[in-house]
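Please read the structure below before turning to the comments.
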Amino acid sequence: REFLSDRRVIDVPRFLWYSILYGFILPFRPRRITPLYKAIWIKSDSGVIINGKTEGSPLTLYSESLATKVQASVDKTSSGSVVARHAMRYGIKNIPSTLKALHDEFPTIRELVVLPLFPQYTSTTSASIYDEVFKFYMDTKRRSIPSLRTVRDYAEHTVYIEALASSLLSSIKAHATAKAGAAKDWKSALADQLPGIGIIITYHSIPVRYV
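Under the numbering used here, the first residue of the sequence shown is numbered 430, with each subsequent residue one higher.
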């Protein structure tokens, strides 16, 4: 409901959209998609351990793992002066609750960098995140406001592209050597397995007006 009520996500007139949302979508969609979420949910008996946890939403667990790794990386150079936290735009551990917890723990924050995990900018994703951050600091009861810096996009940044390539190559190496064993180097093992290996890359399209 929160996601589909976001004006950044659905920009049609409210009276028209709410009649569709409450009359046709919310009464039926949750029952239809719940089994799909259950199918991808990480269960305690799956043998999967992510960031020390064995059960939960894959998105939540991998986001926590990413934040932990970012913190470990910045700790090497920041001497503890940089704190990395992750937040969800909707639902539990959302942006307001995460920012509140962050300020409660570190009352003297001087600069906040907001980095959406969306490489390409769209108003439906990054702008919606900025809305929540700005709304949090518009509370007149909050006296201490840090300098705010937002990262708009980074899809064409060399470091990001290299990170994607490195991750993809690492997975290919692991797959090739797992199939062939330690007897061959990964390039020879991969060559033997071609063309039986496919790489699927998906893209999420959006209306041009959102960019």
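Ideal Cβ placement from N, Cα and C applies to all residues, glycine included.
Check, Outcome
"9 Å Cβ cutoff met for R437 and A556", "yes"
"Where the beta strand (DSSP E) through L623 begins and ends", "No beta strand (DSSP E) contains L623, which DSSP labels as neither H nor E."
"Whole runs of the beta strand (DSSP E) within the region 497 to 548, excluding any shorter than 3 residues", "540 to 543"
"Pair within 9 Å by beta-carbon distance, A594 and T606", "no"
"Alpha-carbon to alpha-carbon, P456 and I462", "12 Å"
"Reference L577; option with closest CA among Y583, Y559, L450, T587", "Y559"
"Simplified DSSP assignment, three categories, for L433", "coil"
"Short Cβ contact (9 Å threshold) for Y466 with I479", "no"
"CB contact flag (A530, A513, <9 Å)", "no"
"Proximity winner among S573, S448, S526, R430, relative to E561 (alpha-carbon distances)", "S526"
"CB contact flag (P545, T537, <9 Å)", "no"
"V637 beta carbon less than 9 Å from that of Q549", "no"
"Top-ranked residue by Cα proximity to T579, from V543, G509, L598, H586", "V543"
"9 Å Cβ cutoff met for S473 and T489", "no"
"Same chain, Cβ closer than 6 Å to F432, five either side skipped, listed in chain order", "Y519"
"First through last residue of the beta strand (DSSP E) which encompasses S576", "576 to 579"
"Same chain only: Cβ atoms within 8 Å of I524, ignoring 5 sequence neighbours per side", "A516, M517, R518, I558, E561, V562, F565"
"Buried/exposed call for L597, threshold 16 Cβ in 10 Å", "exposed"
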